[in-house]
Amino acid sequence: MPSHIARAYADRLKSGLLTADPAQQSAIAALTRLEKDLGKRGFFGGLPEVRGLYLWGPPGRGKSILMDLFFANAPEPRKTRAHFHAFMARVHDLIRQWRTGDQKARQAVFGTHRGDDPIDPVAALIASEARLLCFDELQVTDIADAMILGRLFDALFERKVVVCITSNRAPDQLYKDGINRPLFVPFIERVRERCQVVALSGARDWRLDRIRASRVWYDPGRQPGGGAGARGEGFEQLWIDLKGDMPECPAHLAVLGRDVVIPRTAGGLARATFAELCEQPLGPQDYLAIAGRFHTLFLDGVPLLTPDNRQAARRFVTLIDALYEAKTRLVAMAAGAPEGLYPTGDGAFEFERTVSRLNEMSSQSWLERAEHTD
Ligand SMILES: Nc1ncnc2c1ncn2[C@@H]1O[C@H](COP(=O)(O)OP(=O)(O)OP(=O)(O)O)[C@@H](O)[C@H]1O
Ligand SMILES: [Mg+2]
Numbered sequence: 002m003p004s005h006i007a008r009a010y011a012d013r014l015k016s017g018l019l020t021a022d023p024a025q026q027s028a029i030a031a032l033t034r035l036e037k038d039l040g041k042r043g044f045f046g047g048l049p050e051v052r053g054l055y056l057w058g059p060p061g062r063g064k065s066i067l068m069d070l071f072f073a074n075a076p077e078p079r080k081t082r083a084h085f086h087a088f089m090a091r092v093h094d095l096i097r098q099w100r101t102g103d104q105k106a107r108q109a110v111f112g113t114h115r116g117d118d119p120i121d122p123v124a125a126l127i128a129s130e131a132r133l134l135c136f137d138e139l140q141v142t143d144i145a146d147a148m149i150l151g152r153l154f155d156a157l158f159e160r161k162v163v164v165c166i167t168s169n170r171a172p173d174q175l176y177k178d179g180i181n182r183p184l185f186v187p188f189i190e191r192v193r194e195r196c197q198v199v200a201l202s203g204a205r206d207w208r209l210d211r212i213r214a215s216r217v218w219y220d221p222g223r224q225p226g227g228g229a230g231a232r233g234e235g236f237e238q239l240w241i242d243l244k245g246d247m248p249e250c251p252a253h254l255a256v257l258g259r260d261v262v263i264p265r266t267a268g269g270l271a272r273a274t275f276a277e278l279c280e281q282p283l284g285p286q287d288y289l290a291i292a293g294r295f296h297t298l299f300l301d302g303v304p305l306l307t308p309d310n311r312q313a314a315r316r317f318v319t320l321i322d323a324l325y326e327a328k329t330r331l332v333a334m335a336a337g338a339p340e341g342l343y344p345t346g347d348g349a350f351e352f353e354r355t356v357s358r359l360n361e362m363s364s365q366s367w368l369e370r371a372e373h374t375d
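Here the sequence shown is numbered in this note's numbering, starting from 2 and rising by one per residue.
See the structure below:
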């Protein structure tokens with residue numbers, strides 16, 4: 002009998018939602034193995050130790066959609082899926098709660114209050130919530146994360162938690178050149194011991210193919226024969242296509258001690274309105290954080306700007322600079338062509354560079370070069 006994941010994948014090929022990609026077969030085989038192992042019982046009916054999976058490769062190869070397909074179909078009721086950043090943000094918050102909580106507060110959250118070391122109670126709490134943890138887009142750039150990951154995962158594995166991970170990097174390339182990297186190396190060893198490592202690096206970047214087949218700048222002048230409805234549909238359709246089965250949720254970015262919330266995200270995709278990003282008091286650090294975190298930004302409602310909007314225009318310039326540097330793709334829904342957005346007003350001269358960048362960022366060659374990894 003084929004596995005749930007193999008069947009779900011075959012169904013999508015049949016219905017045309019996905020196209021056959023031989024490079025994805027080894028990932029499907031590994032996910033099938035994982036699904037089978039999760040269904041096994043250990044001695045005396047207890048849980049057996051199950052090797053997890055670490056799926057890595059360049060962008061757009063299908064890691065996230067395959068993991069999501071696996072997650073949705075995995076016959077394990079106690080399962081969670083999270084973007085790795087969101088998971089780590091929660092871990093840090095739990096550590097803080099343990100450190101600052103008195104006996105009563107600790108007891109309420111963790112069911113215990115003994116000990117100085119927060120890792121064990123935090124791992125116990127996470128393990129009590131789920132046996133299967135799926136992490137999308139694991140990347141380690143933060144020293145605070147790097148220093149706790151080894152011990153945290155040890156404690157999770159001890160409790161027979163099974164992980165399924167996607168990443169742009171092979172395990173031994175994680176936290177490359179990071180501060181105190183030798184202290185991080187045990188994490189890499191543990192992951193290699195406890196997970197099957199599979200590379201998914203087919204020739205086709207499916208995301209790029211989809212973006213190329215579509216357009217990335219939607220405005221009234223660029224859609225021959227299309228009214229506002231048709232323009233909105235193209236933008237909306239590309240969002241739906243790229244998102245696939247990925248769940249949509251808010252993302253929290255910690256920037257200089259502040260919590261910047263992007264309400265609509267799915268994996269490395271983010272969606273926001275011009276008003277949310279450029280008419281709020283956000284600055285370069287916020288835009289750099291957004292650009293660093295997402296591979297594609299859908300920006301809705303870019304208006305025609307007048308001299309009165311010079312603040313918003315300046316923020317838009319900074320946002321585009323950050324996206325450009327980080328090679329984050331932009332899909333925009335605008336009231337006009339880039340040239341017509343801010344023709345006069347304070348900073349209109351500087352805006353010309355942004356116009357030029359926007360046009361370049363719509364070109365096939367730029368979209369191809371925009372291989373955004375961590
Ligand atoms: N076999 C396929 N046929 C058609 N489209 C596909 C196929 N595999 C993936 N895609 C599409 O390609 C896009 C990118 O896939 P996905 O997000 O899973 O890539 P990824 O490997 O996780 O990339 P990243 O490393 O950037 O996170 C999605 O829109 C997905 O639907
Ligand atoms: Mg992904």
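We put the CB at the ideal spot given by N, CA and C, even for glycine.
Quick caveat: nothing in here was measured; it's all calculated off a predicted structure.
Just to check my reading of the structure: residue 167 and residue 137 have Cβ atoms closer than 8 Å, yes? What is that Cβ distance to the nearest angstrom? 5 Å
Of all the options 133, 339 and 267, which has the alpha carbon lying nearest to the alpha carbon of residue 52? 133
Proximity of residue 332 and residue 217 at Cβ, strictly below 8 Å: yes
Whose C-beta lies closer than 6 Å to the C-beta of residue 288 among residues of the same chain, with five residues either side of it excluded? 319, 320 and 323
Would you check whether ligand 1 has a heavy atom nearer than 7 Å to the C-beta of residue 33? no
Within the structure, which residues are defined as neighbours of ligand 2 by a Cβ-heavy atom distance below 6 Å, reported in chain order? 64, 65, 137, 138, 167, 268 and 269
The stretch 265 to 272 contacting the stretch 236 to 254, beta-carbon criterion three pairs below 8 Å: yes
State the CB to CB distance for the pair residue 181 and residue 144, rounded to an integer number of angstroms; the pair is presumed to be in contact (CB under 8 Å). 7 Å
Would the stretch 5 to 22 and the stretch 64 to 80 be scored as touching if the rule is three or more Cβ pairs under 8 Å? yes
Apart from the five residues just before and just after residue 226, which ones in its own chain have a Cβ nearer than 6 Å to its Cβ? Low per-residue confidence applies at residue 226: pLDDT is 49, beneath 50, and the placement is therefore not dependable enough to give any value.
If you run the structure through DSSP and keep just helix, strand and coil, what is residue 247? coil
What's the gap between the Cα of residue 235 and the Cα of residue 301? 12 Å
I need the DSSP call for residue 137, collapsed to helix, strand or coil. strand
Distance CB(residue 305)-CB(residue 342) smaller than 8 Å: yes
Quick check: what's the CA-CA separation for residue 190 versus residue 196? 10 Å
Nearest-angstrom Cα separation, counted from residue 270 out to residue 57: 18 Å
Beta-carbon contacts of residue 80 that lie in its chain and below 6 Å, excluding the five residues immediately before and after: 131 and 133
Supposed contact pair residue 364 and residue 199 - C-beta distance, whole angstroms, cut 8 Å: Between residue 364 and residue 199 the Cβ distance is about 34 Å, and since that is not below 8 Å, they are no contact.
Is the number of C-beta pairs between the stretch 11 to 22 and the stretch 116 to 125 that are closer than 8 Å three or more? no
For residue 288, which three-state DSSP category applies? helix
Below 7 Å CB to CB, which residues in the same chain sit around residue 15 once its five sequence neighbours on both sides are set aside? none
Measuring CB to CB, does residue 276 end up less than 8 Å from residue 254? no
Following a CB-centred definition, is residue 169 positioned closer than 7 Å to any heavy atom of ligand 1? yes
For ligand 1, I want to know if residue 242 counts as a neighbour, meaning its beta carbon is within less than 7 Å of at least one of the ligand's heavy atoms. yes
Going by DSSP in three states, residue 219 sits in which element: helix, strand or coil? strand
Just to confirm my understanding: we take residue 188, look at its own chain, exclude 5 residues before and 5 after, and list those with CB closer than 7 Å. What are they? 150, 151 and 154
Going by the CB atoms, is the gap between residue 63 and residue 25 shorter than 8 Å? yes
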